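Worksheet: one structure, shown below.
Protein chains: 2
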Amino acid sequence: MSATIKDVAKLAEVSISTVSRVINDSKPVSPEARRRVLKAIDDLGYKPNEIARSLVTKKSNLIGIIVDDIGNSYVAQIVRGIEEIGRMYKYDIVLCSSYGSEEAELRFIQLLMQKQVEGIIIVSEIETTKIADNISKYKVPFVYLNRLYNISKTPTVTIDNEVATSMVVDYLNKLGHNNLLYVTWNKNIDLTIEKYKVQGYTDAVLSKDGFPLVSGIDGYKIDDGYNNGEKILDAIQKNNVTAVFCCQDEIAIGLINYLYDNGIKVPEDISVVGYGDISIASIYRPKLTTVKEPYYDIGAVAMRRILKEINGEIPDERTLKLPVQLIKRESVKDISK
Amino acid sequence: MSATIKDVAKLAEVSISTVSRVINDSKPVSPEARRRVLKAIDDLGYKPNEIARSLVTKKSNLIGIIVDDIGNSYVAQIVRGIEEIGRMYKYDIVLCSSYGSEEAELRFIQLLMQKQVEGIIIVSEIETTKIADNISKYKVPFVYLNRLYNISKTPTVTIDNEVATSMVVDYLNKLGHNNLLYVTWNKNIDLTIEKYKVQGYTDAVLSKDGFPLVSGIDGYKIDDGYNNGEKILDAIQKNNVTAVFCCQDEIAIGLINYLYDNGIKVPEDISVVGYGDISIASIYRPKLTTVKEPYYDIGAVAMRRILKEINGEIPDERTLKLPVQLIKRESVKDISK
DNA sequence: CTGAAAGCGCTAACAC
DNA sequence: GTGTTAGCGCTTTCAG
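For the protein sequence lines, the chains are A and B, in the order given. First residue of the first sequence: 0, per numbering that gives the first Met the number 0; consecutive thereafter. First residue of the second sequence: 0, per numbering that gives the first Met the number 0; consecutive thereafter.
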């Protein structure tokens, strides 16, 4: 196999301790000895075995990350943030995809623990408290990211969803849209983040003496937006809605596709706003006006929190809130004049 | 810390070897001893330390994967394929993103070797032979995936690009398109896969007594397609082109965006075909007609090859070719009548 | 400054 | 069947 510390020691005619010392800069070594060791390392192309090192130091320099599906662009962005920050501190990432299976998530937690990861970040889309309970008992630093559900008492990083939705309402009002429709996702609303979003939306509409109209559909994917197009269109027509605000970019895009396929133009005939700012939002035509959830930053901040905890600092807040941003693009028409 | 094999042995009143035997099913153990060990494991919540295990068995059960950017949807699909197959054989993935830096790729190879990964898969978009040379010297199983460049003598998995482009020409001809424009990427063509694609395109057009028109642009991203829109449009008009075939979906989408922004409709005014079938291709409107590069399968097959090699089998072929498929959607108009 | 030695948690001969 | 023991490659006391 490849050279070990012993080989280096022998070649350099020093003890393995000395070799270890020069590798780690852990203790003073005479210039002469260091020179010989360095030369031996170079000659042998020696690279320390991280596995052996981990065994003794108990530091794997590995962070486990369990994602729902890396194929989701927002998930990929989060992972980028995690990795980039991890990289700065010499942490590597081991990636597991659960595809929405709670059982898989549970299994991966265990598997990652066996691999001695020093922290775990979960990017999930399911509703469960089991995961949080389960991982807590291993007392490893972890952060739980879920763009849909609101799992209480779990360290997480998010945005202020209530502020975000009210911001959109204000913007829409300013452009002359007073008959709005909010398309939410028909789940037990107390468990999902929709709770805050609907709240923010409702309050904002009410504060302008408006009439908050909400429509619930059965899902949050592109297909769901498309398949519920008829239902949504119906609500639009019955209520003279001029702008529809979708709780996810995916729904917005599915809806626009439906409208497009049915000869209705966005934003000419109807304005549409999304939520998330997934990567397709800016590529799609019309470019989608939406609320930016800063996925990369969410990942980066999550990783920073893990790192802090690894270093023994107890992070103060359980949930970190990042600033929200409204991205104004092309899917909303100004009808104020 | 958490329980070790010693703790289990003590609690079960057997030796650590016996515990090891029941964990690994490596040798017969009396029912009674097994029962006690199992109980002790359960009581202690014992989970073997994979790091320690790896050190002695020399099996990390880790596959390193270096990607250009996981944010690219096709890359994510490849990774999905890799992970899914790996999972079947208890292999985990450690992910590194190079963002197009050769230096980073080189550094990651070394880093992964130190982590004792049993194989490496690289999903790159740069042109280099250094990587291949470098990794070869570690003699670890590896596969090199590059959708742009044609790195000779490196194990890889791809599709038959020449067949693919000629297939598109045939299809276009059948729908009445005889004045085609192929948009390629303006790089030293001998190094890129465009070599095969242009060849397939040219041969097919020539065989139908056509006049192969090719336009080279400076890049292969969405922006490049957009920014070269004017140039491409110019070529279209000068040559009465009815269908343009882009060497990447990204270019096709950028181009369609440009045309859309300039009031030209696809496919009504001009037909467009892409290459790749990235995930946005089917979401975008009009849905993009394109050549499917089976990314998931490419990842899966790459992983299978690695696994084979780990098991001592010497895979026969250096480059595996997967079947190509033409995905007929909406961006091409039938003008044959 | 340097080497000898213990030991991280586990597997795999090797005896019994 | 089962226990003892020798490492895997490395870090880290502890003497000197």
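All residues carry an ideal CB built from backbone N, CA and C; glycine is no exception. In this text the structure is predicted, and so the values were computed from the model without any measurement.
Minimum Cβ-Cβ distance from B:Arg20 to chain A less than 9 Å: Residue mapping note: residue 20 of chain B aligns to position 21 of the second sequence, counting from 1. No, its Cβ sits nowhere closer than 9 Å to a Cβ of chain A.
What residues in the stretch 59 to 83 of chain A have a beta carbon less than 7 Å from any beta carbon of chain B? Ser59, Ile69, Gly70, Ser72, Ala75, Gln76, Val78, Arg79, Glu82
Ignore the nearest five residues each way along the sequence and tell me which others in B:Met112's own chain have a CB closer than 6 Å to its CB. Within the second sequence, residue 112 of chain B is the residue found at index 113, counting from 1. So the qualifying residues of the chain are Tyr137.
I believe A:Phe141 touches A:Ile125 by the beta-carbon criterion, under 8 Å. Please report the beta-carbon distance rounded to the nearest angstrom. Here residue 141 of chain A is taken as the residue at index 142 of the first sequence, counted from 1. Here residue 125 of chain A is taken as the residue at index 126 of the first sequence, counted from 1. Not a contact, Cβ separation roughly 16 Å.
When the cut-off is 9 Å and only beta carbons count, does A:Ala2 lie next to chain B? As a first step, residue 2 of chain A must be located in the first sequence, where it is residue number 3. No, its Cβ sits nowhere closer than 9 Å to a Cβ of chain B.
Does any heavy atom of the ligand COA sit closer than 8 Å to the C-beta of B:Ser97? In the structure on display, the ligand COA does not appear, and there are no ligands present to speak of.
Shorter than 9 Å from the beta carbon of B:Arg284 to some beta carbon of chain A? Stepping through the second sequence from its first residue, residue 284 of chain B is reached at position 285. B:Arg284 counts as touching chain A.
Using beta-carbon positions only, say whether A:Gly209 and A:Asp333 come within less than 9 Å of one another. Along the first sequence, read from residue 1 onward, the residue named residue 209 of chain A stands at position 210. Along the first sequence, read from residue 1 onward, the residue named residue 333 of chain A stands at position 334. No, these two residues do not count as a Cβ contact at 9 Å.
Using beta carbons (cut-off 9 Å, strictly below), is A:Pro47 in contact with chain B? As a first step, residue 47 of chain A must be located in the first sequence, where it is residue number 48. Cβ-Cβ to chain B under 9 Å: yes for A:Pro47.
Consider the Cβ of A:Leu147: report whether some Cβ of chain B lies at a distance smaller than 9 Å. Here the question's residue 147 of chain A lines up with position 148 in the first sequence. Judged by the 9 Å Cβ criterion, A:Leu147 is not in contact with chain B.
Which term fits A:Gln76, buried or exposed, when burial requires 16 or more other beta carbons within 10 angstroms of its beta carbon? Here residue 76 of chain A is taken as the residue at index 77 of the first sequence, counted from 1. Buried is the call here.
Apart from the five residues on each side of it in sequence, which residues of its chain come closer than 7 Å, Cβ to Cβ, to A:Asn133? The residue given as residue 133 of chain A occupies position 134 in the first sequence. Hits under 7 Å: Leu105, Ile108.
Suppose the cutoff is 8 Å on Cβ atoms and the five residues either side in sequence are ignored; what does the same chain contact list for A:Glu308 look like? Along the first sequence, read from residue 1 onward, the residue named residue 308 of chain A stands at position 309. Excluding positions up to five away in sequence, the list reads Gly118, Pro140, Pro314.
Using a Cβ-Cβ cut-off of less than 9 Å, list which residues of the stretch 117 to 137 of chain A approach chain B; keep chain order. Lys136, Tyr137
Collapsed DSSP secondary structure at B:Asn172 in the structure displayed: Translated into the one-based positions of the second sequence, residue 172 of chain B becomes position 173. In this structure, B:Asn172 counts as helix in the three-state DSSP scheme.
Contact check, B:Leu110 vs B:Ile64 under 8 Å by CB: the rounded distance? Taking the first residue of the second sequence as position 1, residue 110 of chain B is located at position 111. Taking the first residue of the second sequence as position 1, residue 64 of chain B is located at position 65. Rounded, the Cβ-Cβ distance is 12 Å, inconsistent with contact.
So B:Ile297 and B:Leu144 are supposed to be a Cβ contact under 8 Å. How far apart are they, rounded? Here residue 297 of chain B corresponds to residue number 298 of the second sequence, with the count starting at 1. Here residue 144 of chain B corresponds to residue number 145 of the second sequence, with the count starting at 1. The Cβ separation is near 6 Å, so the contact holds.
Counting only beta-carbon separations shorter than 9 Å, does A:Asn256 have a partner in chain B? As a working mapping, residue 256 of chain A is identified with position 257 in the first sequence. It does; some Cβ of chain B falls within 9 Å.
Note the first and the last residue of the continuous alpha helix (DSSP H) segment covering A:Ala203. For this step, residue 203 of chain A is matched to residue 204 along the first sequence. A:Ala203 -> alpha helix (DSSP H) spans 193 to 206.
Once you ignore the five residues that flank B:Ile181 on each side, which residues in its own chain have a CB closer than 6 Å to its CB? Looking up residue 181 of chain B in the second sequence gives position 182. The question names Ile, but residue 181 of chain B in the sequence shown is Tyr. So the qualifying residues of the chain are Tyr200, Val213, Phe244.
Name the chain B residues whose beta carbon is nearer than 7 Å to that of A:Gln247? If you number the first sequence from 1, residue 247 of chain A lands on position 248. Neighbours of A:Gln247 on chain B: none; closest Cβ ~14 Å, over 7 Å.
Under the three-state reduction of DSSP, which class applies to B:Thr56: helix, strand or coil? Numbered from its first residue, the second sequence carries residue 56 of chain B at position 57. The answer is helix: DSSP assigns B:Thr56 an H, G or I state.
Pull the bridge partners of B:Phe244 from the DSSP assignment, please. Residue numbering aside, residue 244 of chain B sits at position 245 when the second sequence is read from its first letter. DSSP lists B:Tyr181, B:Val272 as partners of B:Phe244.
Can you confirm whether B:Ala39, when its beta carbon is compared against all beta carbons of chain A, has any partner nearer than 9 Å? Indexing the second sequence from 1 puts residue 39 of chain B at position 40. False, the Cβ-Cβ gap to chain A never drops below 9 Å.
Since A:Ala51 meets chain B, which of its residues come closer than 8 Å, beta carbon to beta carbon? In the first sequence, the residue the question calls residue 51 of chain A occupies position 52. Here the neighbours are Leu54.
Where does B:Ser206 land, buried or exposed, given buried means 16+ other C-beta within 10 angstroms? Mapped onto the second sequence, residue 206 of chain B falls at position 207. Exposed, since its Cβ has fewer than 16 Cβ neighbours within 10 Å.
Can you confirm whether the stretch 215 to 235 of chain A touches the stretch 253 to 266 of chain A when touching is taken to mean that 3 or more C-beta pairs between the two stretches lie within less than 8 Å? yes
Can you pull the chain B residues whose beta carbon is under 8 Å from the beta carbon of A:Val93, in chain order? For the purposes of this step, residue 93 of chain A is taken as the residue at position 94 of the first sequence. Within chain B, the residues Leu61, Asp91, Ile92, Val93, Leu94 have their CB atoms less than 8 Å from the CB of A:Val93, given in chain order.
DSSP-derived helix/strand/coil call for A:Asp68: Taking the first sequence and counting its residues from 1, one reaches residue 68 of chain A at position 69. Note: A:Asp68 maps to coil in three-state DSSP.
Using a Cβ-Cβ distance under 9 Å, would A:Leu110 count as near chain B? In the first sequence, counting from the first residue as 1, residue 110 of chain A sits at position 111. For A:Leu110, the answer is yes, since a Cβ of chain B falls inside 9 Å of its Cβ.
Comparing alpha-carbon positions, which option in A:Pro154, A:Val272, A:Leu190 lies nearest A:Ile252? Start at 1 with the first residue of the first sequence, and residue 252 of chain A comes out as number 253. That would be A:Val272, whose Cα lies nearest to the Cα of A:Ile252.
Is it buried or exposed for B:Glu316, if we count other Cβ within 10 angstroms and need 16 for buried? Here the question's residue 316 of chain B lines up with position 317 in the second sequence. When all chains shown are included, B:Glu316 counts as exposed.
Over what stretch of residues does the alpha helix (DSSP H) that includes A:Lys186 continue unbroken? In the first sequence, residue 186 of chain A corresponds to position 187, counting from 1. Unbroken run through A:Lys186: none, as it is neither H nor E.
Distance check for B:Ala32 and B:Asp6, CA to CA, integer angstroms please. Taking the first residue of the second sequence as position 1, residue 6 of chain B is located at position 7. Taking the first residue of the second sequence as position 1, residue 32 of chain B is located at position 33. C-alpha separation (whole angstroms): 15 Å.
Listing by chain order, which chain B residues have their CB less than 7 Å from the CB of A:Gln324? Here residue 324 of chain A refers to the residue found at position 325 of the first sequence. The premise fails here: A:Gln324 is roughly 19 Å from chain B at the closest Cβ pair, so nothing lies under 7 Å.
Look up B:Gly311 in the DSSP assignment and say whether it is helix, strand or coil. Counting from 1 along the second sequence, the entry for residue 311 of chain B is found at position 312. If DSSP states are grouped into helix, strand and coil, B:Gly311 belongs with coil.
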